[in-house]
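So my numbering is basically just the index in the sequence shown, starting at one, shifted up by 419.
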Amino acid sequence: MGTPDYIVGMRKHVGHDLLWLPSVSAVVRNDAGELLLGQRADDGRWSVISGFVEPGEQPAAALVREVREETGLEVAPVRLSSAVSHPHTYPNADRCEYLNLGFLCRLVSGTARVNDDESLAVGWFPVDRLPELDKHALLVLAYALRDNPVAGYLEPGITWDDVPD
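Structural data, given as structure tokens:
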């Protein structure tokens with residue numbers, strides 16, 4: 420779907436200045452234990468499937484919608500696995516700080532495929548053979564794949580700069 424109209428409208432007023440935005444990320448495993456990743460069209464990097472939470476939309480509903488839009492897959496959230504904020508600067512110099520809710524998801528149905536213009540590719544990767552990922556994707560994956568059912572977060576006093584690359 421791309422950038423929602425309400426964000427495009429805000430950008431007309433604030434330019435490239437920082438926006439604080441809610442987002443969701445999906446950690447999805449198939450029956451072979453592989454992880455679903457998407458290669459982003461904006462910067463070419465591989466990442467977990469993520470997207471904006473629209474005004475009036477619940478995060479879990481946004482997560483299901485984003486995975487469907489970007490990959491054609493149907494998923495069901497299993498649990499909230501992380502709550503972290505992280506900065507992102509897009510190639511066009513737009514700056515955002517995302518409050519991201521990560522969810523561990525169960526694959527319901529479908530075949531992974533590029534389903535919109537936000538991704539160059541989508542695919543399943545063994546946990547021990549992941550492509551290079553940024554620290555946000557690595558943190559979301561680490562929290563989702565651990566045995567602790569409590570959502571992970573950065574402890575008070577820890578900043579994004581303290582998270583290792």
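Beta carbons are placed, not taken as given, at the ideal position from N, Cα and C, and that holds for glycine.
(Q) So that I know if they touch, is there some Cβ in chain B lying closer than 7 Å to that of L557? (A) Given the protein chain composition of this structure (a single chain), no chain B is represented.
Q.
Quick check on A531: buried or exposed, where buried means 16 or more other Cβ atoms within 10 Å of its Cβ?
A. buried
Q.
Considering only the alpha carbon of each residue, which of I468, D436, V447 and A561 lies closest to E537?
A. I468
Q | From A502, T422, D436 and L560, residue whose alpha carbon lies closest to that of A460 | A | T422
Q. Do you know offhand how far L440's Cα is from A451's?
A. One C-alpha to the other measures close to 34 Å.
Q) Shortest alpha-carbon distance to L456 belongs to which of R548, H505 and V433? A) R548
(Q) Using a Cβ-Cβ cutoff of less than 7 Å, which residues in the same chain neighbour E473 once the five nearest sequence positions on both sides are dropped? (A) P423 and A481
Q) Can we say the segment 569-579 touches the segment 486-497, given the rule of at least three CB pairs closer than 8 Å? A) no
Q | Three CB pairs or more closer than 8 Å across the segment 552-569 and the segment 482-489 | A | no
Q) Short check: CB of L520 to CB of V447, under 7 Å? A) In this structure, V447 does not lie closer than 7 Å to L520 by Cβ.
Q) Whose CA, out of A512, D513 and V503, lies closest to the CA of A563? A) V503
Q: Please state whether DSSP places V433 in a helix, a strand or coil.
A: Secondary structure of V433 (DSSP, three-state): helix.
Q) DSSP puts H505 in a beta bridge; with which residues? A) Y517
Q. Got a sec, what are the start and stop residues for the beta strand (DSSP E) L411 sits in?
A. As shown, the chain starts at 420 and ends at 584. That puts residue 411 outside it, with no answer to give.
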